[in-house]
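K.L.:
Chains as they are written, first to last, in my numbering: chain L, 1 to 516; chain P, 1 to 314.
All residues carry an ideal CB built from backbone N, CA and C; glycine is no exception.
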Amino acid sequence: MSINTLTRRTFLATTAAGLILPYASAGSRAQGSEPRRGGRLRVGLNGGSARDSLDAKGALTEADIARQNNLYDMLLHLSPDYVIEPGLAETVEPSEDASEWTIHLRSGVEFHNGKSLTARDVAHTFAYITDPAAPGAAASRFTELDRDAIEVVDDLTLRLRFKQPFAVLRDLLADSGTAAVRVVPEDYDPAAPVGTGPFVYDSFEPGVRSLYRANRNYWREGQPYVDELELINFTDDAGRVNALLSGQIDALAGLPANQARLIDAHPQFKLINSETGAWNPFTMRVDEGPFADVRVRTAMKLLVNRQQMVDQVLAGYGAVANDLFARYDPGYASHLPQREVDIEQARFLLREAGAEGLTAEIVTSPVSIGLVPSAEALVGQAALAGVNLSVRQVEPSTFFSNHFLSSPLSQTYWGGRNYLIQIADSMLPTAPYNETHWSNERWLAIVTEAYATGDDALRAEMVTEAQEIEYELGGYINWGFYNKLDAVSSRVEGIVPDRTGISLTSYAFRRAWLSS
Amino acid sequence: MTRSILIRILTALLVLWLVSLLIFTATQVLPGDAAQAILGRDATPERLAALRRQLNLEQGLVQQYLGWLGGMLSLDPGNSLANGRPVVEMIGPRIFNSMVLVVLAACVAIPLSLLVGTVAAVRRDGVFDAGSSLATLVIAALPEFVLAMSLTLLLSTGLLNLLPATSVQTPILSAPSQLVLPVTTLALTISPYMIRMARASIIEVLNSDFIQHARLSGVSEQRVVLRYGIPNILAELVQVVALQLAYLAGGVVVVEYVFAFPGLGTALVDAVSSRDLPVIQAICLFIATFYIVVNLVADGVSALVNPRARARGA
Numbered sequence: 001m002s003i004n005t006l007t008r009r010t011f012l013a014t015t016a017a018g019l020i021l022p023y024a025s026a027g028s029r030a031q032g033s034e035p036r037r038g039g040r041l042r043v044g045l046n047g048g049s050a051r052d053s054l055d056a057k058g059a060l061t062e063a064d065i066a067r068q069n070n071l072y073d074m075l076l077h078l079s080p081d082y083v084i085e086p087g088l089a090e091t092v093e094p095s096e097d098a099s100e101w102t103i104h105l106r107s108g109v110e111f112h113n114g115k116s117l118t119a120r121d122v123a124h125t126f127a128y129i130t131d132p133a134a135p136g137a138a139a140s141r142f143t144e145l146d147r148d149a150i151e152v153v154d155d156l157t158l159r160l161r162f163k164q165p166f167a168v169l170r171d172l173l174a175d176s177g178t179a180a181v182r183v184v185p186e187d188y189d190p191a192a193p194v195g196t197g198p199f200v201y202d203s204f205e206p207g208v209r210s211l212y213r214a215n216r217n218y219w220r221e222g223q224p225y226v227d228e229l230e231l232i233n234f235t236d237d238a239g240r241v242n243a244l245l246s247g248q249i250d251a252l253a254g255l256p257a258n259q260a261r262l263i264d265a266h267p268q269f270k271l272i273n274s275e276t277g278a279w280n281p282f283t284m285r286v287d288e289g290p291f292a293d294v295r296v297r298t299a300m301k302l303l304v305n306r307q308q309m310v311d312q313v314l315a316g317y318g319a320v321a322n323d324l325f326a327r328y329d330p331g332y333a334s335h336l337p338q339r340e341v342d343i344e345q346a347r348f349l350l351r352e353a354g355a356e357g358l359t360a361e362i363v364t365s366p367v368s369i370g371l372v373p374s375a376e377a378l379v380g381q382a383a384l385a386g387v388n389l390s391v392r393q394v395e396p397s398t399f400f401s402n403h404f405l406s407s408p409l410s411q412t413y414w415g416g417r418n419y420l421i422q423i424a425d426s427m428l429p430t431a432p433y434n435e436t437h438w439s440n441e442r443w444l445a446i447v448t449e450a451y452a453t454g455d456d457a458l459r460a461e462m463v464t465e466a467q468e469i470e471y472e473l474g475g476y477i478n479w480g481f482y483n484k485l486d487a488v489s490s491r492v493e494g495i496v497p498d499r500t501g502i503s504l505t506s507y508a509f510r511r512a513w514l515s516s
Numbered sequence: 001m002t003r004s005i006l007i008r009i010l011t012a013l014l015v016l017w018l019v020s021l022l023i024f025t026a027t028q029v030l031p032g033d034a035a036q037a038i039l040g041r042d043a044t045p046e047r048l049a050a051l052r053r054q055l056n057l058e059q060g061l062v063q064q065y066l067g068w069l070g071g072m073l074s075l076d077p078g079n080s081l082a083n084g085r086p087v088v089e090m091i092g093p094r095i096f097n098s099m100v101l102v103v104l105a106a107c108v109a110i111p112l113s114l115l116v117g118t119v120a121a122v123r124r125d126g127v128f129d130a131g132s133s134l135a136t137l138v139i140a141a142l143p144e145f146v147l148a149m150s151l152t153l154l155l156s157t158g159l160l161n162l163l164p165a166t167s168v169q170t171p172i173l174s175a176p177s178q179l180v181l182p183v184t185t186l187a188l189t190i191s192p193y194m195i196r197m198a199r200a201s202i203i204e205v206l207n208s209d210f211i212q213h214a215r216l217s218g219v220s221e222q223r224v225v226l227r228y229g230i231p232n233i234l235a236e237l238v239q240v241v242a243l244q245l246a247y248l249a250g251g252v253v254v255v256e257y258v259f260a261f262p263g264l265g266t267a268l269v270d271a272v273s274s275r276d277l278p279v280i281q282a283i284c285l286f287i288a289t290f291y292i293v294v295n296l297v298a299d300g301v302s303a304l305v306n307p308r309a310r311a312r313g314a
């Protein structure tokens, strides 16, 4: 976990890992017996609308991720304990300065239509998702990719060239979020989606459900175990839980924390409690408004009662954070002292900054776990330091079109990805979602060097250094990492806790089987 | 007669046109457009521009509205902005599903209300009357979602495990048991008004002179109620039923949401959050048309069952 001496943080992490163990061993005990084949696995997804998409370029929500993770494969993937493992690629190797990468593909993999996977398909995939006329979610991450210089070396080897050193390619290729690189064939047509994934497309009603058949020609030996996979959309938490309780579905993604103890105690259901690096912080704009003064930002960080947030907002299913993110990154700055509530110091800093009795509005929207409740909790906590906060809740579309990225004090939500790919989304000058309007030259010099450093240990040190700067000056108030809670019926085996923050073992239903 | 029907149809078309104008204006007041709503947080400037181009959102407002109106006049409501599918193909099955709910709820609620109302009227001030009066008051006071959740808890997830808690199986008729809870909820929602109305009307009729005359002539009480009582309240009943049906077309939204039912209501909520104008317009116009048609039909039926109105119409 950490090369440093035992700190409170590593201690917490170790204990948390201990908490996961009982579940992990429950999973392995079941895995000890031969997985049973057959049956239809019915899964209730969180959310769904007419916007739902199977297009490998267009995942927008977790429900999209769930469908796409089963239709398509990625070049690399993350194991449940957050280790990068080979996927369709056997190796992904950088040149010395990490500006040129060679991808070697697994042989003998076939698409659902029987066509063999070749480097040309992967070349097409990169061209497809970065198409300037219709860019996909991943396009903003691959702006440095030289699209015209993608080279097919031989049937199974591909070379990518980047305009700048790009040491994070492996992290990006293993990320199964909305901006994942999902491999599609050269003649890909999103209307009849073909991939190499464990399940084959059967039918799809946007916002309602989709059905898949097992890919009996799947390259992972023995998988998938179930014959059919049905993914059903639920926009309402209560509806999803009710469907599980009444036996209409076998598993659900995203269990509200207040239902977790009920499910855990119930003999017919299993709680999948995943410790993750996912974080839903407050964002303070560092460039203008009241939070441009670093003393005000530090005061805000000191008035947050983090444990109370975890207990109230997450019903205890989470861990206190130290304003930093990317907790599973090898370079995570775990040596920095944990910020605790210090009302005296907060008042002092506010007085220093001439911001006593500061008044501000938190703009929030129920777009992810605990946003609105944590905003409400912060109002009470800030009042203790004489800060007058108020909550302004708006509906999601309004939030993203009018407030996100512009309000001085707001909120955001992120999965637990490694540092350098997270900042490419939210902190670099080129980041599309720089909520805090962060810009710092010293920090930028360090991370720019990190992007050009192929050596893993060296790069990790640079990440630590960048986080030290951010710890002092950053605009995020990250009070906690939330656990992802899911529930399955007791007859579902093979679903284990997963650190990525994506539900139901990153929706890898190839692992799942029905015990009866 | 033909002239008055023609006038009513023309008025209806005018109303529909005004509704479409109103909805268009209302959606323009909502912040953000379809491209923004679809991409959500992923709305990078590049993706936003590309999607706006693709959805023709760069046209002026008037042009967008006229384009849509032109399509409507040739009976083509266009394509959904959210996924590019034809609106008809998207909401056709939803209309069917919602209509199944509404019709089933009406088929349960109307005979039930008439029966309960009549019995309560005949046994006025008895135990049944007091009980049904209390029950209808309580049920009428409960919002639909409370009723829906209580039924779910009672029959599906809590006390008993008899029925599916949600209606996620499609096509919906493939698993009829999933319709029981939503239909019951809707039937219970509209019944109290009809029961109270039926009871009051029958009491009024039973107290009238011609019923007294019938009784004095030795007609049995049962025959009095069935032969003279109920037929005389039909005109009024049809109006109340029409009102409740019209209410259902809109009120079904909440119930559909609770049961994750793939109907018009959930589609409308979804379309609004996607700023999917063609779908919003089509659904609202359908509901408005339903209102108008149900009222027209009710007027017609009232006239048919009411000798006086029949005479006036002729």
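1) Report all residues from its chain with a CB closer than 6 Å to the CB of residue 366 of chain L; omit the five preceding and five following residues, and keep chain order.
2) I need the straight-line Cα distance from residue 112 of chain P to residue 191 of chain P, nearest angstrom please.
3) Anything in chain L within Cβ reach of residue 38 of chain P, meaning under 8 Å, just list it in chain order.
4) Taking only beta-carbon atoms, is residue 32 of chain P less than 8 Å away from chain L?
5) Closer than 6 Å by C-beta to residue 514 of chain L: which residues in its own chain qualify, once you throw out the five before and the five after it? Chain order, please.
6) Find the nearest neighbour of residue 475 of chain L within the set L:455, L:123 and L:283, judged by alpha-carbon distance.
7) What residues of chain L sit near residue 143 of chain P, judged by a beta carbon separation below 7 Å?
8) For residue 114 of chain L and residue 503 of chain L, I'd like the C-alpha separation in whole angstroms.
9) With a CB to CB cut of under 7 Å and the five nearest residues on each side skipped, what residues in its chain are close to residue 29 of chain L?
10) Along the alpha helix (DSSP H) that carries residue 295 of chain P, what are the first and last residues, could you check?
11) So what's residue 123 of chain L in DSSP terms, helix, strand or just coil?
12) Cβ closer than 9 Å: which chain P residues qualify as neighbours of residue 398 of chain L?
13) Please tell me whether residue 281 of chain L and residue 453 of chain L are closer than 8 Å, where the distance is taken between their beta carbons.
14) Suppose contacts are defined by Cβ-Cβ distances below 8 Å. Is residue 60 of chain L in contact with residue 143 of chain L by that definition?
15) Under 8 Å between C-beta atoms, does residue 56 of chain P make it to chain L?
16) Counting along the chain, where does the alpha helix (DSSP H) carrying residue 482 of chain L start and finish?
17) Does the beta carbon of residue 276 of chain P sit closer than 8 Å to a beta carbon anywhere in chain L?
18) Shorter than 8 Å from the beta carbon of residue 262 of chain P to some beta carbon of chain L?
19) If residue 242 of chain P and residue 294 of chain P are in contact, beta carbons under 8 Å, what's the gap, nearest whole angstrom?
20) Whole beta strand (DSSP E) runs in the stretch 156 to 203 of chain P with 3 or more residues, listed along the chain?
21) Taking residue 310 of chain L as the reference, give the member of L:262, L:354 and L:378 with the closest Cα.
22) In chain order, which continuous runs of the beta strand (DSSP E) of length 3 or greater are located wholly inside the stretch 60 to 108 of chain L?
23) Looking at C-alpha atoms only, which residue of P:273, P:97, P:194 and P:260 is the closest neighbour of residue 174 of chain P?
24) Looking at the strands, I want to know which residues DSSP matches up with residue 251 of chain L.
25) Closer than 9 Å by beta-carbon distance: list the chain P residues that pair up with residue 283 of chain L, in chain order.
26) Could you give the DSSP three-state label for residue 182 of chain L: helix, strand or coil?
27) If the criterion is Cβ atoms closer than 8 Å, does the pair residue 94 of chain P and residue 264 of chain P meet it?
28) With a 10 Å radius around its C-beta and 16 neighbouring C-beta atoms as the bar for buried, classify residue 33 of chain P as buried or exposed.
29) Looking at chain P, which residues of the stretch 136 to 170 of chain L have a Cβ within less than 9 Å of any of its Cβ atoms?
30) Just to confirm my understanding: we take residue 21 of chain L, look at its own chain, exclude 5 residues before and 5 after, and list those with CB closer than 8 Å. What are they?
31) Consider the Cβ of residue 209 of chain L: report whether some Cβ of chain P lies at a distance smaller than 8 Å.
32) Which ranges would you report for the alpha helix (DSSP H) in the stretch 360 to 396 of chain L if only whole runs of at least 4 residues count?
33) How about residue 397 of chain L and residue 45 of chain P: are their beta carbons less than 8 Å apart?
34) Where does the unbroken beta strand (DSSP E) through residue 270 of chain L begin, and where does it stop?
35) Is it the case that the stretch 199 to 208 of chain P contacts the stretch 216 to 229 of chain P, given that we only count it when at least three CB pairs across the two stretches are under 8 Å?
36) Sorted by chain position, which residues of the same chain lie with C-beta nearer than 7 Å to residue 111 of chain L's C-beta, five sequence neighbours on each side aside?
P.N.:
Judging by the given coordinates:
1) Excluding positions up to five away in sequence, the list reads 372.
2) Cα to Cα, residue 112 of chain P sits roughly 8 Å from residue 191 of chain P.
3) Residues of chain L passing the Cβ test: 51 and 60.
4) It does: the Cβ of residue 32 of chain P has a partner Cβ on chain L nearer than 8 Å.
5) In the same chain as residue 514 of chain L, and ignoring 5 residues on each side of it, the C-beta atoms closer than 6 Å to its own belong to 39 and 491, in chain order.
6) Cα-wise, what sits closest to residue 475 of chain L is L:283.
7) Within chain L, no residue has its beta carbon less than 7 Å from that of residue 143 of chain P; the closest one is some 15 Å off.
8) Distance between residue 114 of chain L and residue 503 of chain L, taken at the CA atoms: about 30 Å.
9) Reliability fails at residue 29 of chain L, whose pLDDT of 43 lies under 50, so the model's placement of it is uncertain and no value is given.
10) DSSP places residue 295 of chain P in the uninterrupted alpha helix (DSSP H) bounded by 277 to 305.
11) DSSP, reduced to helix, strand and coil, places residue 123 of chain L within a helical segment of the structure shown.
12) From the beta-carbon of residue 398 of chain L, the residues of chain P found nearer than 9 Å are 30, 31 and 32.
13) Contact flag unset, no.
14) Not in contact: residue 60 of chain L and residue 143 of chain L (Cβ atoms no closer than 8 Å).
15) No, because no Cβ of chain L sits closer than 8 Å to the Cβ of residue 56 of chain P.
16) No alpha helix (DSSP H) holds residue 482 of chain L; the beta strand (DSSP E) holding it covers 480 to 482.
17) Chain L contact via Cβ: present.
18) Answer yes: the Cβ-Cβ gap between residue 262 of chain P and chain L drops below 8 Å somewhere.
19) That belief holds up - the Cβ atoms of residue 242 of chain P and residue 294 of chain P are roughly 5 Å apart, short of 8 Å.
20) Along the length of the stretch 156 to 203 of chain P, whole beta strand (DSSP E) runs at least 3 residues long do not occur.
21) It is L:378.
22) Entirely contained in the stretch 60 to 108 of chain L, the beta strand (DSSP E) runs reaching 3 residues are, in chain order, 76 to 78, 84 to 86, 89 to 94 and 100 to 105.
23) Considering only alpha carbons, the answer is P:97.
24) The partner list for residue 251 of chain L (beta bridge, DSSP) reads L:43 and L:488.
25) Ordered by position in chain P, no residue passes the 9 Å Cβ test against residue 283 of chain L, which lies about 12 Å from the chain.
26) Here residue 182 of chain L carries a strand assignment [DSSP, helix/strand/coil].
27) Cβ atoms of residue 94 of chain P and residue 264 of chain P: closer than 8 Å.
28) By the neighbour-count rule (16 or more Cβ atoms within 10 Å), residue 33 of chain P is buried.
29) Cβ proximity to chain P below 9 Å picks out 136, 137, 139 and 140 from the stretch 136 to 170 of chain L.
30) With a pLDDT of 38 at residue 21 of chain L, under the threshold of 50, the modelled position of this residue cannot be trusted; read the value that follows with caution. Nothing listed; no residue qualifies.
31) Residue-level contact by beta carbon holds for residue 209 of chain L and chain P, with a gap shorter than 8 Å.
32) Counting only runs of 4 or more, we get 371 to 383.
33) Cβ atoms of residue 397 of chain L and residue 45 of chain P: not closer than 8 Å.
34) Start and end: 269 to 274.
35) In short, these stretches touch, since the Cβ pair count reaches three.
36) 117, 185, 194, 195 and 196, listed in sequence order.
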